[in-house]
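Residue numbers (UniProt numbering): 1 to 175. Since the structure comes first, as structure tokens, the remarks are kept for the end.
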Amino acid sequence: MRPWRPWSCPYDDLMRQADPKPYWNTNVARHPGILRAVPKTGTASATAAQPLLDYINRRYPLTQTTPLDANRFRANAVPEAEPGDIIAYDWQNDGEVDHLSLVVDIADGQYPEIAEWGVVDWNPLGVINRNATTPYAKRGWTYSEKNHNWLQSVEETRNVSAKLIHIDTRNVTTF
């Protein structure tokens, strides 16, 4: 991740010298060691999903990643999930993580329940009110809060793929 620098330091990485948050949310995505402008849209959490996952994999090399295929979606069971694990969603199944959720509980039948930050104010035309981001309540990992239906039943997420991320911090000695 980009190290913090005081505003007085010169910028050589193309970041704006003004408040970087609006710029980050709409125009910038970080890939391992490279900062580049891309036409990525969505909430700050959606924009930062892949860079955060890249950082976790670099910082914690013993991180375990388990693909969650269509059979897992149908069964809704992930027996190896534990509270504190992350589920990484790839909505278009293009290899780029679009969303991260935190496993907060395991319900009956080994069904992970998640919490996440995201957009919950949708109008009938599907337009996002970007000023209405609020935390979701706990929900099941295969359920679409926006569409009130299962992810695999919703047209825009029918091709969703996901991974269970378990961060192993036992051998990390420096921060």
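Using N, Cα and C, we set each Cβ at its ideal position, and we do this for glycine too.
Rounded to the nearest angstrom, the gap between the Cα atoms of Thr157 and Glu116 is 17 angstroms. A straight line joining the alpha-carbon of Asn147 with that of Pro79 spans about 26 angstroms. With a 10 Å radius around the Cβ and a threshold of 16 neighbouring Cβ atoms, Ala48 comes out buried.
Annotation: Arg59 to Leu68 spans about 23 angstroms, alpha carbon to alpha carbon. Here Ala162 is buried, its C-beta having at least 16 other C-beta atoms within 10 Å.
Taking C-beta atoms as the reference points, Val97 and Leu151 fail to come closer than 9 angstroms. Setting aside the 5 residues that flank it on each side, Val154 is surrounded in the same chain by Ser144, Asn147, each with a C-beta closer than 7 angstroms to its C-beta; the list follows chain order.
As the crow flies, the alpha-carbon of Ala77 is around 21 angstroms from that of Thr63. Boundaries of the alpha helix (DSSP H) around Ile56: 49-59. By the beta-carbon neighbour count (other beta carbons within 10 angstroms, threshold 16), Pro112 is buried.
By the neighbour-count criterion, in which 16 or more other beta carbons inside 10 Å mark a residue as buried, Pro51 falls on the buried side. Following the DSSP letters along the chain, one finds Ala70 in no beta strand (DSSP E) but inside the alpha helix (DSSP H) bounded by residues 70-75. The bridge partners DSSP lists for Thr65 are Ile165.
In the structure shown, the three-state DSSP call for Ala46 is helix.
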